[in-house]
Each structure stands twice: as structure tokens, then as C-alpha cells.
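Heads up: the sequence shown is residues 1 to 955, going by the UniProt record's numbering.
One structure below.
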Amino acid sequence: MKIKEVRITGFRSYKDNTHVTGFSPRSNVVVGRNGSGKSNFFHAIQFVLSDEYAHLKEEQRLGLLHESTGPKVAHARVEITFDNTEKRLMAFDNSEVKIVRQVGKKKDQYYIDNKMVPRAEVVNLMESAGFSRSNPYYIVKQGKINELATSPDSYKLKLLREVAGTRVYDERKEESLKILKETKMKTEKIQGLLKYIDERLQTLENEKEDLKEYQKLDKTKRSIEYTMYDNTNKEAIREKARLDEQKQEIVRKDNDVKSTLADCLAEIIKSKTEKSKLETHGRALREDKEALQAEKNQMVEERMRLQLEVDSLNEENNKDRQGRHNAETSLQGITDEIQRNETELDSLNPQYNELVEEESRLTTDIRIDETRMKDILAKQGQRSQFETKEARDRYLKNEIRRITSLIKDNEDQVEKIEKELKGDEEEENKLNAEIQRIGRQIDSNRLEMDDRAGNTSTLKKQYDAAHDALQVASREEKSIRDQIANKEQDITASNEQLRRMVARPIYNGISGVRRVIDELKSDNANRQHDDVIKGYHGTVIDLIDVEQMFTTAVEVIAQNRLFYHVVETDRVATKILRKFNEMQLPGELNFFPLNRVSAPSIRHFNKRPNSRAMAEVIDYDAKFDKVIQSITANVIIVRTLDQSAREIRNEQFDVVTFDGDQMSKKGVMTGGFIDRKRSKLDIHTQKKAHMELLDELQIKLAEAVDNVRQKTKEAEKIRNDMNQNENKISDYHRKHREMTELKNAYSHKYFMVAKTKEPKKAQLLEIRNRLRELNAQKDILEAEMNSPMSSQLTDEEERTVRDLRKKIEEMKIQLREVSRRRMDVTHRKNAIENLLTKKLYKTKDNLTARVEDISDNERRHKLENATAQQTSLLSRLNNINEQLATANQELQEHETKEKSLQNQLENHLDQQRDLEKQQADFQVQLDKISAKEDEVKQKREDSMKKMRLLEPETT
């Protein structure tokens, strides 16, 4: 046997595959330069065949791998092909046998003809060919021959023995001698044991008969004990069966109690919800009653105030009416008296004017005649007074000029006084026209004031109607708010029922996701969370509608998947989950990402009577089809698990009944009683109905709020109209007073203008008489001009003097008569004028002001307003009394219902406590039974253990 070829790969300096062939069957020499790999070639052969590389550590294996630039070598492999034509390797019939060793960082593997084998098999194969581990010199390393040549003879002998293989036999001889020595010692020990055994056998032979008798009795004893233990075991089995029956009975009763307790808790929740609703309704009724009572008390106080005001106004109006009537009567008398005096005064004024003019004329004529007589008599002394005629004429001229100047002055005064009188006349007419105009305005203002006063009652009625409408709208709004509160309580109760039915982690997860969505909505100012908000569709149970008859079947199949969260993409789910963890919320989250969910393949179902595919009984949006199909695919709803259901099951469909009994396509059947009262789908359907009604109520509430706002605006508008009407009436009152005062001022001015006319007329008459006198004097002086001067009167002049004296005396007599008559008329005229001006006119003005005073109109307006308010108040008070009666009746009915509900709730609570006590008693009994079962079990185990100990001898 010889080496035919060697293949080296990745071993030390051999990186690539190195194939060496053409070995001589005799001797082969490897020649090469230093570093060419000669030593590594022999090390590679040793690597496969020598024990020197048998057990390598990891760093030693790494040291065998080729190291150079470029990719690292993963393993080192050396393959040696032996020529087996001589059949030295008897285990193989092939002419060639390949032995391979391959090492890596962690592995060290051997292969024989490309079959991986353990190292021991390679060693055994080589030993079968003569490569003995005890003679390692089938490989002679470099330097061994030189070492052998220079070594001492003893070492050479030892080495030759090793090479010849005799050392192995020496070692085996030493081992055999050692074994013989140990065997001799064991033989001696065995001899001693045999001697002891013989002695012991003799003793035992003596005890054999006693043992037989003992065994006989012991067998009987064991049989009795086995029978006792068997009876004990049977008794324990019977006791266990009896305890199981008791336990089953208690469990059955406990289940009944649990079911009853669940119903009781549901009734308690329902009663508490109803009680909460009743309390809310009762609180609203009491608030309404208190508000109505407060409004009634306020109205009663207002009615008393209005009654006092009406009585006071009636009393004042009666007094004013009587006073006005008396004033009107007195005014009529005063007016008649003024008319009589004015008539008499009108008749006296012409007579008085004539007498004054006559008296003034006579006085002037007397002065003129006396002046003329004096001038005629003065001619007698002209000689002594004036030296010449020219001096007299100059004097006369001077006098004429003086008189002419006086005439001019008087004429100016006359013209001035006439202008003043004319102005006074115009002023008088103007004042009279203004007084008439103001009087017409006062009448018009009074009519408008009466119209406004009439509007007050109408506006008050309109305001009462608007106020009643506002109250109705407010009560409607409050009723809707109460309904919303009740619906919110219903939703809370439904959530509470769901919380009790759904596993806590799942329910906490649903609540947590809601909080996450709300948080994202509140933090979505820049719309950065729109993808999550719009991408979250809710839980599965929120997205489906199921007919009530199929809810149990759907709920049994869907299980907790009803509460999985449906999202648009897995990215949305990731964001929700990240936010959920950031907020450190408790709970379990499960998602259905629409972009990841894939519906299973759906088999064709041949429709049969009383059977339907589950997907057909669920109403949902088409976009969620994959989610629903992943839950309901290949599930058929049947009425009963009959032969038809089995046939459907055989067609590889899952079958479920209306009551929730299931038959799997794998053959598993499950079922049992399912309480429909604890259906999550039914409760969620009720919750959705409550939420829909809540949304409708929210819309109605918005409409009611708008209605209340509109009614409030209408009432405020009418109130503003009332205030404006009152302000207008106040303005009319103010205008009436102002115009009355202005009329009185104009009347006073008119009277003062009329009063100043008489002195001016008298002055004018006096000035005109004075002009006559001056003109007469001027005529006399002008007549005397150029007349001859004489110391004696002529006859004609003397006759003239005599005539003038006579005429003067006659006129004086006539003047005295006229003066007397004027004085009489003057006294009467002054008396009438004083009576008119100082008494009658003032009295008339006072009475007229009293008659035309609008304070009675104001009081009448106040009375009408107060009466209208009183009528409206009485109407509203009657309405409030009716509402109070209705509220009292409703409150009484509410208290009756509340009392009945409280009694019902107390009964349910008593029942709950009784059922919980029964549960506690059942638990105590179960604990006792469990303790007895443990005791029976322990007793049975002890019996069985003892029976097993007795079995070998009893059998």
C-alpha cells in the first residue's frame, strides 16, 4: 500500500488547490527552495495520519489556515489517496481509498471516500493496514535519523524495540502480571466469602422451617391486609364518586347562582341606570318646581305691588277726576264771568275812549282859546314890550320857529308811537298765531301720546306671548338635555356591561386607542396626524351589523376578533402602537391592517334549506371585505346539527348553529348553553342605537338652542319696543310740559304786549292834542305877524275876547261833566280790568292748567299699563299654577316610581348579597369537598401503594 496522490487546499502556505501525483512505490524525494512548502507538504500528510494533530484547539486550527492578502480562507483540506491493490485496507474492495481531513474555525471533520466518519474509524482503518498508534515511527520526521546515529546504544536499543514493536508486548506482559496479582487477591477473598456463606447456609437451614411457617402466616396476613386495603380503596372510590356527585351538584347550583347573579347584576345596573335617570329627571322636576315656585312667589309679590299701585292710581285718578270735574265746573263759571266782564269792558272801552278823547279835546280847545285870548289881550302891552313892529315881528318869528320845532318833535313822537303801536299789533298777532300753533301741537302730541299709550297694552300682550314661547322653548331645550343625559347614562351602562364581559386587557386596549386618537386629534394643528386619524376605522364590532337571530353564531366564531382594530395600513398601526407606548397605557392591541390582511380561499357552497354562509348575514362596508372574510370564510350557519349539517361539514366547511353549537371540519364538536343576555353584539347594537339617538338628540338640541336664541331675540325685540314706546310716551309728556310752559310764556308775553298798548294810545292822544294846540298857537302868531301895533283892542277883538271867555266857560262846564263821566267810566273800567287781570285770568289759567294737565293722563297710562301687567301677570300666574300642579303631580309620580325603583334595587341588592353568600357557602363546601377529596385521594394512594407492596407475594 502506497500513497498514490495528495491534494492540499488552504493548508498553511498552500492557498489554492495543490494536486501532487506520480509517487513512486519505492522512495520519493521532495526537492525545493527554502520557503517553497516542503515541510508543509509533510505536515499535511502528518495532519491526516499522525496523532500529533489529533486534538487541536481553536487557535491551533486557525494557525493551520492559510494567511495572506485577499479573501480569508474558511477551512484547510488535505486529501490523501492510497493504492489499495494489495487489499491492505480490507474494509474496502476498491483499488483506491481516499482519506480526507478538513478543519475550520469551529469544525474538524474526517471523510473516507467522501463519506464523513469519526476520527476513531480512520484510526482503526489505518491500524488494520499496519499503522499502529503504539509505533508512531511509520512517519520519520526530519532530524530523527541524525538523532539516532548520535544517540547512545541503550537509547538505540530502546528505539529499535519500539520500531520493531516489542515494547508493546513488554507493556502487555506487565499489564497481565498485574492482572494476575489482582486475580489472586480476589480469589483469596472469594474463598473467605465462600466459607462465610457455608456457615450462614447452615444457620439458615436451621431457620428454614420457622421461615416457612412465618411465610405461611405472613401470606395470610398480607392477603388480609390486601383485602383491607382493597376495601379501603373501593370505599375511597365510592367516596370519591359521592364527593364528585356532591361537587357536581354544588357546581351546578353555583352555576345557577352565577347565572342568577349575573342577571341580578344586570338588573342592578339597569335599576341603577334607571335610578340615575329618575334622579336626573327628579332633580330637573324639582328644579323646575323650585323655579316655578320662585317665579310664582315673584309674581305674587309683583301682583301685590301692582295691586297696590293700581289701587293708588285708581284713588289718585278718582281724586283727579273729581278735582278735574270741579275745575272744569269752576272754569266754566270763571269763563262765563270773564266773558261778562270782557263784554262789559268791551262796551266801556269805546265810551271810555270817546270820553278821554272828548276830555282831551275840550282841554286842548280850552287851552287854545285861552292862549288866543291871552294873545289878544297881550296886544295891549306890545307898545310897552316892543319898541317897534319889527322887534315884535322878530319875536313872533322866533316863537313861530320854536313852536314849529316843537311841532316837528311832537310829530316825530307821534310817528314813533304809531310805529310802536303797529309793531305791538304785529307782535300781538304773531304771539296769538304762535299760541294757536302751540295749542294745535299740544293737541297733536296728546293724540300721539294716547296712541302710544294704547300700544303699551298690545306690546305687553305680545311680550307675554313671546315670553311664554321662550319658556316653552327653554323647557323643550331642557327636556332634550335631560334626554341626552339619559342616553349618555345608557351608553355608560352599555360600556360598563361590555367592560364586564370583555377581557380587561382588550377593553383597556380599546380605551387606550380612543385616548390615543383623541390625543392625536388635539395635536393636529398642522394636520400632521391626518393619516392616522383618517386611517383608523374602529374595531370590527363597530363596522358590522348583524341580525339579532345570528348574533350568537357570529360571536362564537369571531370571539375576541370582534375587538380587533381595523386600520388602513400597518404604518398606521405602528404609529398608534408607538403613541400607545409613549403614553404608557395598559392593555392589549390587535390590528387588522387592510393592506396586509388576505382573505382565505373561499369554497363554493351549495345552498341548502335552513343554512346560510356567515358572511351573508353580516352587513358591512365593502372596503372591509377582506377583514370580514378572514373571520367568517367557509363558516356556515345552520338551524340544528342534523344530517344536513354533517354533510356540510364533510364538504370541509365549519358549521355553527343559531345557539352557538359548533362542528369543525376537523371533526371537533363544541357546544353548551350561551346566555343571550350576555351577548356582546346585542349590547354593542344597543350602544350603537343609543349613540344614534344621542346624535339625533344633539341635532335637536342645536335646533332647540337656536329656537331659544330666536325666541329670546324676539322677546328682547318686543321688550326694546316696549322700552322705546315708554321712552316715546315720556318724550311726549316732556314735550307736553315744555309746550305748555312755552304756551304760558307766550300768553304772558301777549298779555304784557296788550297791557303796554293802552299807555301808548293815551300818550299818542295827548301828543296829538298837543300838536293841535301848537298848531293853533302857530296860526295865531302867524296871523299877528305884520299886523299893526296898538295899545287898545279893537271892537272886534273885544267881541272875540268876550266870545272866547264865554266859550271857555262853556267848555269848562262841559269838561267838568265829561271828566266826571270819564272818572266814573275809568273807575268801572279799572275795577273790571283789575278783576280780570288780578283774579279771573289767573284763576282761569290755573283752572285751565289743571284741566289740561297731563299728569292724570300719565297716571291713566300708568294705570292702564299696571292693569295690563296685572292681567298678564294673572294669566301667567294661572299658567304657572297649572304648571306647578302638573309638576307636583309628576313629582309625586316620580317619587312613587323612585320609591318603587329603590325598593326594587334594594331587593336586587339583597338578592345579590344572598347569592354572593350562597356562592361563598358553595365555595366553602367546595373547599371542604376538595379537602375530603385530597384526604380520600391520599387514602387511596396510600392503599394503592401498600397494595402494590403486597402484590408480588399475593400473586
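The C-beta atom is built at its ideal place from N, Cα and C for all residues, glycine as well.
A straight-line Cα-Cα distance of about 8 Å links residue 289 and residue 888. Annotation for residue 537: the continuous beta strand (DSSP E) segment containing it runs 536 to 539. Annotation for residue 92: 84 place their beta carbon closer than 7 Å to its own, counting only its chain and skipping 5 residues before and after. By the neighbour-count criterion, in which a residue is buried when 16 or more other Cβ atoms sit within 10 angstroms of its Cβ, residue 923 is exposed. By the criterion of at least three beta-carbon pairs nearer than 8 Å, the region 723 to 743 is in contact with the region 444 to 458.
In the structure shown, residue 603 falls within a coil segment according to DSSP collapsed to helix, strand and coil. Under the DSSP assignment, residue 102 falls in the beta strand (DSSP E) whose first and last residues are 96 to 104. Take the alpha-carbon of residue 258 and the one of residue 919: they are about 8 Å apart. Per DSSP, residue 756 has no beta bridge partner at all. Within the model, the alpha-carbon separation for residue 203 versus residue 233 is close to 41 Å. If you draw a straight line from the Cα of residue 69 to the Cα of residue 37, it comes to about 18 Å. Residue 559 and residue 573 have their C-alpha atoms spaced approximately 21 Å apart. A distance below 6 Å between beta-carbons, with the five flanking residues on each side excluded, links residue 5 to the following residues of its chain, in chain order: 21, 81. With respect to the 8 Å criterion, residue 904 and residue 271 are classified as neighbours on the basis of their beta carbons. Within the same chain, and ignoring the five residues on either side of residue 225 in sequence, the residues whose Cβ sits closer than 8 Å to its Cβ are 946, 950. Ranked by how close their Cα comes to the Cα of residue 299, the residues 875, 925, 885, 929 have 875 in first place. In this structure, residue 516 and residue 617 do not form a Cβ contact; the two beta carbons are roughly 32 Å apart against a cut-off of 8 Å. For the pair residue 624 and residue 566, the CB atoms are nearer than the 8 Å cut-off. Excluding its 5 nearest sequence neighbours in each direction, residue 117 has C-beta neighbours in its own chain below 8 Å: 110, 111, listed in chain order. For the options 939, 481, 392, 333, the alpha carbon positioned closest to that of residue 697 is the one of 481.
Taking the Cα positions, residue 758 is about 36 Å away from residue 398. Here residue 614 carries a helix assignment [DSSP, helix/strand/coil]. Under the DSSP definition of a beta bridge, residue 14 partners with 11. For residue 274, the CB contacts under 7 Å within the same chain, skipping 5 residues up- and downstream, are 901 in chain order. Between the region 578 to 588 and the region 515 to 529 there are three or more inter-stretch CB-CB distances shorter than 8 Å, so the stretches are counted as touching. Of the residues assessed, residue 445 falls on the buried side of the cut-off, its CB having 16 or more other CB atoms within 10 angstroms. In terms of Cβ geometry, residue 773 and residue 392 do not form a close pair [threshold 8 Å]. Taking a cut-off of 8 Å for Cβ pairs, the region 705 to 724 and the region 532 to 541 do not touch, as fewer than three such pairs fall below it. Given a length threshold of 3 residues, each whole run of the beta strand (DSSP E) inside the region 33 to 84 is given here in chain order: 75 to 83. Around the beta carbon of residue 627, a 10 Å sphere encloses 16 or more other beta carbons of the protein chains shown; the residue is thus reported as buried.
Here DSSP, grouped into helix, strand and coil, assigns residue 637 to strand. Contact check for residue 557 against residue 619 fails: the beta carbons are separated by 8 Å or more. A distance of 8 Å or more separates the beta carbons of residue 652 and residue 608.
Between residue 501 and residue 658, the C-beta gap is not smaller than 8 Å, which leaves the two residues out of contact. One thing to note: residue 638 has its Cβ no nearer than 8 Å to the Cβ of residue 606. Collapsing the DSSP output to three states places residue 19 in a strand.
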